[in-house]
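J.: First the structure, which I've put down as structure tokens, then a few questions once you've had a look.
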Amino acid sequence: AICSGIALEDDSLMAFAKTTLMASQWTDERTTLSDNIRFLIKQCTDYLLEKLFVNREDGVFSATQLGTAALVSALGAEDSLAVFADLSQAQRSLSLDNELHMLYLVSSAISFYR
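To convert, note that position 109 of the sequence shown is 109 in the UniProt record's numbering; the numbers rise steadily by one, no gaps.
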């Protein structure tokens, strides 16, 4: 909801979470639904902040480039982090000064002996 721009503040995250199937099924006699949802939202936003999927400034969440890429690619959080780690490693290992170098790397070699 944060990366897609649906909910960017705690109140809008709470309102969004209350409309989910999880909220309609997750009740406990000892705690209220709002307490359960607040706890879950806190855990989720802490995870997203820790893994750098989102930023928070003045109580407003915003998606990072990693968060936006994860949303657009439809990969899960762990898969997105794995792809990001692989791309970071590749970027450090390669000298991608310009598009011509990248084209050279992905082009197949021409065999003149055929």
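Don't be surprised by glycine CBs; every beta carbon is placed ideally from N, CA and C.
Here the structure is a predicted model, which means the values were calculated and not measured.
Have a look at Arg-92 and Gly-59 and give me their C-alpha separation to the nearest angstrom.
T.: One C-alpha to the other measures close to 34 Å.
J.: If Leu-52 and Leu-66 are in contact, beta carbons under 8 Å, what's the gap, nearest whole angstrom?
T.: Confirmed, Cβ separation roughly 6 Å.
J.: Which residues in the same chain as Thr-68 place their Cβ atom closer than 8 Å to its Cβ, once the five residues preceding and following it in sequence are excluded?
T.: Hits under 8 Å: Cys-3.
J.: Please report the distance separating the alpha-carbon of Glu-50 from that of Glu-57.
T.: Each residue's alpha carbon lies about 14 Å from the other.
J.: What residues in its chain sit with their C-beta under 6 Å from that of Lys-18, if we drop five residues either side in the sequence?
T.: Here the set comprises nothing.
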